[in-house]
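Enquirer:
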Amino acid sequence: MARRLYPEYADHDCLANQQLHSPNPTHHSVRAQIPVEIATGAKLLILPQRPYVPMGTLRRAVNYPNPAHNRNVKEIANVLEKVELGHLAKRLDEEASWDQILSGGEKQRLAFARVLLHRPDIIVLDEATAALDTPTQNRLMELLFQEFKDATVVSIGHRPELAAFHQRKILLKHDCGGAKLVSDVYRLPEHRRLRDLMEGGTFRGALPEAEALNPRTSEALSIH
């Protein structure tokens, strides 16, 4: 079964680096969005809030960190269409400063396109939908879980709507010694559309203690 972990209030760079088990994590180790082979042989991919977009062609940006021509045009056009960037498919071989051309939301959708191409086993979403409106975020999250039914997904973010796409939530509390677990894992209901959860009040009732905690001093994590 896929595992989906949701940290609602988090020191995002710190938590994302912990997923890499790095003894000396750096800012760039999170931002580069490079697939990492971990001890089990599984491939891990981190989607940061501000995805790295290299200079050169759009084809290179989509395929990053693999070579620009690692995938054919049909494959790239297909994933761009899925993440609602189909209008860019005709510009794949255009050299430009794509980091400046693309909006924050477009860059985040580009990062999701990379996930579809790289097919990782573990996906860490570090505020990966922060620049998207809620409907677009929900469509991409649904796409993610349709495409990766057996993947482990770790979501780090402040948007409470994201919890509806996960099944477990862990609460952490900050102190001088670091983040410590202060609760058991809460089981969230099986994934349904966000509107069903919110209208029925299921999500709100599932995590009573989470609502009582101060978001400035606490973190929340969820696992599917």
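Under our numbering, the first residue of the sequence shown is numbered 7, with each subsequent residue one higher.
Cβ atoms here follow ideal geometry from the backbone N, Cα and C, with glycine treated the same way.
Predicted, not measured: the structure shown is a model, and the values here were computed from it.
By how many angstroms is the C-alpha of residue 89 removed from the C-alpha of residue 118?
Expert: 7 Å
Enquirer: For residue 132, which of 168, 84, 98 has the nearest alpha-carbon?
Expert: 168
Enquirer: Taking all protein chains shown into account, do 16 or more other C-beta atoms lie within 10 angstroms of the C-beta of residue 115, making it buried, or fewer, making it exposed?
Expert: Counting Cβ neighbours within 10 Å, residue 115 comes out buried, since at least 16 surround it.
Enquirer: Three or more beta-carbon pairs under 8 Å between the segment 139-155 and the segment 66-81, yes or no?
Expert: no
Enquirer: Do you know whose CA, among 139, 172, 91, 136, lies nearest residue 120's CA?
Expert: 91
Enquirer: Can you tell which of 66, 174, 173, 50 has the C-alpha that lies nearest to the C-alpha of residue 105?
Expert: 66
Enquirer: Based on DSSP bridge pairs, tell me the residues matched to residue 235.
Expert: No information on residue 235 is available, as it lies outside the stretch 7 to 230 that the chain covers here.
Enquirer: Quick one: what's got a C-beta closer than 8 Å to residue 250's C-beta in the same chain, skipping five residues either side?
Expert: The shown model of the chain, from 7 to 230, leaves out residue 250, and the question about it has no answer.
Enquirer: For residue 138, which residues does DSSP report across the bridge?
Expert: Partner(s): none; residue 138 has no beta bridge.
Enquirer: Are residue 53 and residue 134 closer than 8 Å when you measure CB to CB?
Expert: Taking 8 Å as the Cβ cut-off, residue 53 and residue 134 qualify as a contacting pair.
Enquirer: Please give me, in chain order, every unbroken run of the alpha helix (DSSP H) with length at least 4 that falls completely inside the segment 52-112.
Expert: 64-69, 79-88, 104-107
Enquirer: Taking residue 122 as the reference, which of 103, 70, 99, 108 has the closest Cα?
Expert: Of 103, 70, 99, 108, the residue nearest in Cα terms is 70.
Enquirer: Sorted by chain position, which residues of the same chain lie with C-beta nearer than 8 Å to residue 97's C-beta, five sequence neighbours on each side aside?
Expert: 64
Enquirer: Note down the Cα distance separating residue 162 from residue 127, rounded to an integer number of angstroms.
Expert: 17 Å
Enquirer: Give the secondary structure of residue 154 by DSSP, where H, G and I count as helix, E and B as strand, and everything else as coil.
Expert: Coil at residue 154, not helix or strand.
Enquirer: Compute the Euclidean distance between the alpha carbons of residue 56 and residue 62, then round it to the nearest angstrom.
Expert: Roughly 18 Å separates the two Cα atoms.
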